[in-house]
Amino acid sequence: MDDEFSSSLREELSRLSEPPIGDLVGQAARQGRRIRRFRTIGATAAVAAVATVTALFSGQLVGSGHTGAQGIGPAAPVGASVSASPNTSATPSAAPSTTPGASAAPSAGATPDAGSASPTPGGGQGSSAPAGVPASTPAAAGSDALVKSTPASLLAAVVQSLPSGITTDHYYGDAPQPPITLDPSVNLYLHSGGKTGRIGVSAYKADTPSSCTTPEGETGVSATCSTDAAGEFVNVLSNPSNCIQNTTVTVYRHDGIAVSVDLSTCLDNSARGTSTPLTQAQAVTLADSTLLNVVMPSSFVKAADTQYAGSIKVSP
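Following the numbering used here, the numbering of the sequence shown begins with 11 at its first residue and continues without gaps.
This is the structure:
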C-alpha cells in the first residue's frame, strides 16, 4: 500500500513544472534595490532639504552634511561645474517607441552630496574627461585587469557619458549593501539651460524580461516597453506620486547588464518641483553607454576612487 502511494505521489509530482526560480530571484533583487534606495531618501531628506533651499537661493549647489565631498579635477570656486565628456556608447539609441505594459515600480536614488570642480569647455559630444580620471572603454582595458566597479568609478563613468552641454557639481555615490544590493548606485544634480534637475543611476547584472511585468504589490505605477535603436529592451516606468522616482528608464543590454536611470521632478523628496534633467531618449543613450558596467579597468577604478573618495557613503 505504501509503495503504491509513493509511486502515485512521485508520478503526480513529475507532471508539475518547476517554478521560475530565476525570475523570482531577479524580481526579489530588483524589489530589494528599490526599497533600500527609497529608505535612503527618507534618512537624508531632512538635511538635503535645508541644503538645497540654501543652494538654490544662492545660485550654487554644493555639498550638504558631508564636508569631505570632493569633485573631479582641480579645486575651483564653489558652484563651478564639471562638463560632460563624450558618450562612448558603441551604438547611441534613439528615443524608445512606447508600448503599453503592466504596472511596475521604479528605482530611487539617495540624496546626493556635492563636490566643486573646475569647469571644462564643451565640444563635439562633450568635453574631455575630468582631470585625474582616465577615459575608459571596454577595448581600452587591454592588459589592464577588470575589477568590480565602485561608487566612484560608476560616478566617473556617468559623468563621462552625459550628453553635451550637461554639467554637474553636486553628486553622491552609494555603496552596495549585500545581500540587498550587490552593485553601487550614484546620484547627480545636472545643470542645463539654466535649469537644475536630478538623476540616479545604477548598473547591475540582469536577464532581459520576457514581457512588461512588475513585482507583485506595486501600485500606482505604469510601464511601457520597447526596443531601442541598438536592439536593447527598454522599460520606462512612471510614478506620478513619487517625485524622486517619477520616471525610471531601464535598458537591458545584450551584454547581460541592466542600467536604470531615475529621472526626478524634485531635488529632495519634497513638494518643491524642478525640471526633468534628461529626456527619456537621453536616458536611454546614457544607459546604452558601455562605460557603465559592473566591472571596469582597474586603473580607471583606482583613479576614480581617489578623485571621489569624499563623495561616497554607505546608506543606512
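Just so you know, even glycine gets a beta-carbon here, dropped at the ideal spot from N, CA and C.
Owing to the predicted nature of the structure, the values given are computational and were not obtained by experimental measurement.
Where residue i falls, given that 16 or more other Cβ within 10 Å makes a residue buried
i, result
"Gly-207", "buried"
"Ser-159", "buried"
"Val-60", "Bear in mind that the predicted position of Val-60 carries a pLDDT of just 37, short of 50, making it unreliable; the figure below should be weighed with that in mind. It counts as exposed."
"Ser-212", "buried"
"His-264", "exposed"
"Thr-178", "buried"
"Ser-220", "exposed"
"Thr-316", "exposed"
"Thr-300", "buried"
"Asp-217", "exposed"
"Ser-171", "buried"
Option nearest residue i by Cα separation, candidates the options
i, options, result
"Lys-205", "Ala-240, Thr-286, Glu-228", "Thr-286"
"Ile-176", "Asp-272, Ser-248, Tyr-199, Asp-315", "Tyr-199"
"Glu-242", "Val-269, Leu-273, Gly-203, Cys-253", "Val-269"
"Val-261", "Ser-174, Thr-191, Leu-302", "Leu-302"
"Thr-191", "Gly-320, Val-304, Phe-310", "Val-304"
Residues near residue i in its chain [Cβ-Cβ closer than 6 angstroms; skip 5 each side]
i, result
"Ser-103", "Low confidence applies here, because Ser-103 scores a pLDDT of 33, under 50, leaving its location unreliable; read the following figure in that light. Cβ neighbours of Ser-103 beyond the five flanking positions: Asp-238, Ala-239, Ala-240, Val-294, Thr-295, Asp-298."
"Leu-164", "Pro-194, Val-196"
"Ala-314", "Val-143, Ala-162, Ser-163, Ala-166"
"Pro-203", "Here residue 203 turns out to be Gly, not Pro, going by the sequence shown. Excluding residues within five positions, none has a Cβ falling inside 6 angstroms."
"Gly-227", "none"
Contacting residues, own chain, Cβ-Cβ under 7 angstroms from residue i (five flanking each side not counted)
i, result
"Ile-322", "Pro-161, Ala-162, Gly-183, Ala-185"
"Ser-251", "Gly-230"
"Pro-189", "none"
CB-CB length for residue i against residue j, believed under 8 angstroms
i, j, result
"Asn-256", "Asn-249", "6 angstroms"
"Cys-253", "Thr-275", "5 angstroms"
"Lys-215", "Gly-266", "6 angstroms"
Neighbourhood of residue i by C-beta, 8 angstroms cutoff - its chain only, sequence neighbours within 5 removed
i, result
"Leu-288", "Pro-173, Ile-176, Leu-200, Gly-207, Ile-209, Val-271, Leu-273, Leu-296"
The ligand SAH heavy atom lying under 8 angstroms from the CB of residue i
i, result
"Met-306", "Ligands displayed in this structure: none; no statement on the ligand SAH is therefore possible."
Every unbroken beta strand (DSSP E) inside the region 179-219 [3 residues or more]: Runs of the beta strand (DSSP E) inside the region 179-219: 195-202, 205-215.
Residue ranges of each beta strand (DSSP E) within the region 215-278, 3 or longer: The region 215-278 contains these whole beta strand (DSSP E) runs: 232-237, 243-248, 257-262, 267-273.
3 or more residues per run - each beta strand (DSSP E) lying fully within the region 296-324: The beta strand (DSSP E) runs of length 3 or more contained entirely in the region 296-324 are, from start to end of the chain, 305-307.
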